[in-house]
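When you line the sequence shown up against the working numbering, it's residues 1121 to 1405, in that order. Every residue gets a Cβ at the ideal spot worked out from N, C-alpha and C, and that includes glycine. Below is one structure, written out as structure tokens, with a few remarks after it.
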Amino acid sequence: MKLPPFDYACPTTLSEAVALLAGDGDAKALAGGQSLVPMLAFRLLHPTRLVDLRKLAELRGIRIADNGVTLGAMVRWREIEDDARLATAHPLLKAAIAHVAHYQIRNRGTVGGSVAHADPAAEMPGIAVTCDAEIAVMGKSGRRVIKAADFFQGPLMTALTSDEIIVEFRLPSWPKARRWGFQEFARRRGDFAMAAAAVFYDQDASGKATNAHVGVIGVGDYPKRLPAVEDVLNGQVVDEATIAKAEAATSASVEPQDDIHASAAYRRALVGTMVERALKNAAAR
Ligand SMILES: Cc1cc2nc3c(=O)[nH]c(=O)nc-3n(C[C@H](O)[C@H](O)[C@H](O)COP(=O)(O)OP(=O)(O)OC[C@H]3O[C@@H](n4cnc5c(N)ncnc54)[C@H](O)[C@@H]3O)c2cc1C
């Protein structure tokens, strides 16, 4: 289907881009176009203007420092995949991004686009919530930093205002000895997750789990951490018995809806299995 008509702007500075969005409440930022263009084609959006972010140098680059990993909003999936440093700097991120979409989409789709789009079944928002990411945004009132837990508010709904542009995405540093796992079930490799789980924990001197983080994707309106499951893990050796309790607590903690892909009961069981497998991977590392 042909796209609806819109004006197009391709600013070269962030302040110009913000001014373009702030000056027109119906304008939309354009990053990789992999979610926005289909929405235009299906006439789900009718923006008056697209503000292309591709020339904004401030939105580019992957930086790795002692305090963590910073991804510019215009970092594409392919760049994450190709950056060998991330295998140690943030292995959970790298493992999750391996599940995003297909080759062509991975060459165009961006971190900022995925986070702003906020699909409940997308991997990057799930990693953001699980890993306590911070999302730095710029709007007409200046720059602010939003915690991932406050950013996602519903399916395709976020804390962003219409004039705000995501500038970068920050993940806290990743200790080398951390145990982690990522598991996803999709109908075909590269499809959105029917359910997925991202988990990590550290271990104290006696081998018991501390700082457990358990995040689930595709089983609610937006990705969430599951405190009840984290409580099952913290202070315990992550063995078969603990993992079985965590699996049961996961299924009891989520409230998925029936949809055309699966029943709520199926998704509830599936996400428990994803957490179980991710924890087994984590324990075996
Ligand atoms: C067939 C298909 C399969 C896919 N499978 C997956 C999958 O398995 N997992 C997955 O996670 N994704 C999947 N995607 C989505 C893909 O990853 C998209 O690239 C991503 O969701 C959006 O990124 P984008 O850069 O293309 O953003 P765009 O499509 O350009 O923009 C998406 C939205 O974000 C806004 N936006 C973009 N950048 C910014 C910014 N910096 N600041 C503020 N707002 C911004 C836009 O205005 C728009 O509302 C799939 C897409 C397709 C077409």
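For residue j and residue i, the rounded distance between their alpha carbons
{"i": "residue 1121", "j": "residue 1296", "result": "49 angstroms"}
{"i": "residue 1331", "j": "residue 1221", "result": "30 angstroms"}
{"i": "residue 1400", "j": "residue 1347", "result": "19 angstroms"}
{"i": "residue 1315", "j": "residue 1367", "result": "14 angstroms"}
{"i": "residue 1282", "j": "residue 1403", "result": "43 angstroms"}
{"i": "residue 1216", "j": "residue 1179", "result": "22 angstroms"}
{"i": "residue 1270", "j": "residue 1287", "result": "17 angstroms"}
{"i": "residue 1292", "j": "residue 1189", "result": "7 angstroms"}
{"i": "residue 1340", "j": "residue 1391", "result": "11 angstroms"}
{"i": "residue 1290", "j": "residue 1202", "result": "19 angstroms"}
{"i": "residue 1335", "j": "residue 1219", "result": "16 angstroms"}
{"i": "residue 1303", "j": "residue 1278", "result": "25 angstroms"}
{"i": "residue 1133", "j": "residue 1154", "result": "23 angstroms"}
{"i": "residue 1211", "j": "residue 1125", "result": "42 angstroms"}
{"i": "residue 1364", "j": "residue 1138", "result": "49 angstroms"}
{"i": "residue 1372", "j": "residue 1387", "result": "11 angstroms"}
{"i": "residue 1398", "j": "residue 1352", "result": "15 angstroms"}
{"i": "residue 1327", "j": "residue 1357", "result": "6 angstroms"}
{"i": "residue 1140", "j": "residue 1309", "result": "38 angstroms"}
{"i": "residue 1251", "j": "residue 1147", "result": "31 angstroms"}
{"i": "residue 1149", "j": "residue 1129", "result": "10 angstroms"}
{"i": "residue 1344", "j": "residue 1266", "result": "16 angstroms"}
Residue i, buried or exposed, once every other Cβ within 10 Å from all chains shown has been counted against 16
{"i": "residue 1359", "result": "exposed"}
{"i": "residue 1214", "result": "buried"}
{"i": "residue 1321", "result": "buried"}
{"i": "residue 1284", "result": "buried"}
{"i": "residue 1263", "result": "exposed"}
{"i": "residue 1275", "result": "exposed"}
{"i": "residue 1421", "result": "Past the boundaries of the shown model lies residue 1421; the chain is included only from 1121 to 1405, so the question cannot be answered."}
{"i": "residue 1199", "result": "buried"}
{"i": "residue 1240", "result": "buried"}
{"i": "residue 1305", "result": "buried"}
{"i": "residue 1272", "result": "buried"}
{"i": "residue 1261", "result": "exposed"}
{"i": "residue 1342", "result": "buried"}
{"i": "residue 1143", "result": "exposed"}
{"i": "residue 1312", "result": "buried"}
{"i": "residue 1164", "result": "exposed"}
message: Runs of 3 residues minimum, wholly inside the stretch 1222-1291: which ones carry the beta strand (DSSP E) assignment?
response: If we require 3 residues or more, the beta strand (DSSP E) runs fully inside the stretch 1222-1291 come out as 1254-1259, 1262-1267, 1272-1274.
task: Quick one: which unbroken beta strand (DSSP E) runs of 3-plus residues sit fully inside the stretch 1175-1202? Chain order, please.
output: Listed in chain order, the complete beta strand (DSSP E) runs (minimum 3 residues) inside the stretch 1175-1202 are 1182-1185, 1188-1192.
- request: Spell out a yes or no on whether the stretch 1286-1300 and the stretch 1370-1381 are touching, meaning 3 or more CB-CB pairs, one atom from each, closer than 8 angstroms.
  value: Output reads no: the stretch 1370-1381 does not touch the stretch 1286-1300.
query: Enumerated in chain order, which unbroken segments of the alpha helix (DSSP H) with a length of 4 residues or greater are wholly contained in the stretch 1314-1383?
result: Complete alpha helix (DSSP H) runs here, min 4: 1347-1353, 1360-1373.
field: Sufficient close CB pairs (3 or more, under 8 angstroms) joining the stretch 1234-1244 to the stretch 1168-1177
entry: At 8 angstroms Cβ cutoff, the stretches do not touch.
- request: With a floor of 4 residues, list each alpha helix (DSSP H) that falls wholly inside the stretch 1122-1183, ordered by position along the chain.
  value: Annotation: the stretch 1122-1183 contains the following complete segments of the alpha helix (DSSP H) (minimum length 4 residues), in chain order: 1134-1142, 1156-1161.
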